[in-house]
Ligand code: CO
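Residue numbers (my numbering): 126 to 263.
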């Protein structure tokens with residue numbers, strides 16, 4: 126199979142780790158008039174999520190619901206802040222394969238299915254200039 130570059134369709138969202146989801150939604154909404162605020166819980170990841178629509182992209186607020194889990198660990202070690210950047214790609218499985226061929230540290234063997242049925246996969250920040258990169262298909 127040839128190594129063709131991935132088409133980045135958009136910076137579809139930026140993920141932000143927060144300690145209090147409702148407080149964060151309220152603070153963001155005090156400044157910005159979001160058309161839509163969608164709340165969901167992703168039990169498998171141990172987070173509550175709010176997606177704030179932001180033109181054609183979104184802000185993803187992530188709040189830990191239990192002590193273990195990546196977001197809980199992140200806020201414990203680094204405090205609140207930008208956690209990851211998501212790039213929309215047509216096919217997350219293809220993106221994983223391409224990243225692997227480039228020798229990047231891929232955290233997901235295959236796409237994980239997250240909130241709203243979206244597929245996602247992550248690249249370790251150590252292999253991507255300090256950014257936790259998420260491939261996302263919506
Ligand atoms: Co995300």
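Even for Gly, the Cβ is constructed at its ideal location relative to N, Cα and C.
For this session: Find the nearest neighbour of residue 143 within the set 227, 183 and 201, judged by alpha-carbon distance.
Result: Reading the chain shown from its first residue, position 18 is the one you call residue 143. It is 201.
Exercise. Looking at the unbroken beta strand (DSSP E) that takes in residue 178, where does it start and where does it end?
Worked result: Along the chain shown, read from residue 1 onward, the residue named residue 178 stands at position 53. From DSSP, the beta strand (DSSP E) with residue 178 extends over 172-179.
Exercise. For residue 190, does the three-state DSSP call read helix, strand or coil?
Worked result: The residue labelled residue 190 in the question sits at position 65 within the chain shown. Three-state result, residue 190: coil.
For this session: Go through its chain and collect everything with a Cβ distance to residue 208's Cβ below 8 angstroms, but skip five positions before and after it.
Result: For the purposes of this step, residue 208 is taken as the residue at position 83 of the chain shown. So the list reads 140, 141, 142, 187, 196, 199 and 257, once near-sequence residues are dropped.
For this session: Given a cut-off of 8 angstroms, decide if residue 135 and residue 178 are closer than it, judged by their beta-carbon atoms.
Result: The residue you call residue 178 lines up with position 53 of the chain shown. The residue you call residue 135 lines up with position 10 of the chain shown. For residue 178 and residue 135, no; Cβs fall outside 8 angstroms.
Exercise. So is the beta-carbon of residue 140 under 7 angstroms away from any non-hydrogen atom of the ligand CO?
Worked result: Translated into the one-based positions of the chain shown, residue 140 becomes position 15. Under cutoff, so the answer is yes.
Problem set entry | N- and C-terminal bounds of the beta strand (DSSP E) containing residue 242 | What you label residue 242 is simply residue 117 of the chain shown in a count that begins at 1. Looking at the DSSP string, residue 242 is not in any beta strand (DSSP E), and its letter there is neither H nor E.
For this session: Out of 185, 145 and 211, point me to the one whose CA is closest to residue 137's CA.
Result: Mapped onto the chain shown, residue 137 falls at position 12. Among 185, 145 and 211, the Cα nearest to that of residue 137 belongs to 211.
Problem set entry | Buried/exposed call for residue 173, threshold 16 Cβ in 10 Å | Sequence index remark: in the chain shown, residue 173 carries index 48 (1-based). With 16 or more other Cβ atoms within 10 Å, it is buried.
Exercise. Hey, out of 167, 131, 184 and 170, whose CA is closest to residue 157's CA?
Worked result: As a working mapping, residue 157 is identified with position 32 in the chain shown. Restricting attention to 167, 131, 184 and 170, the CA atom closest to the CA of residue 157 is found in 184.
Exercise. Going by beta carbon distance, what residues of the same chain come within less than 6 angstroms of residue 164, once the five residues before and after it are set aside?
Worked result: To locate residue 164, count along the chain shown from 1; it is residue 39. If you ignore the 5 residues before and after residue 164, its C-beta comes within less than 6 angstroms of the C-beta of 175, all in its own chain and listed in chain order.
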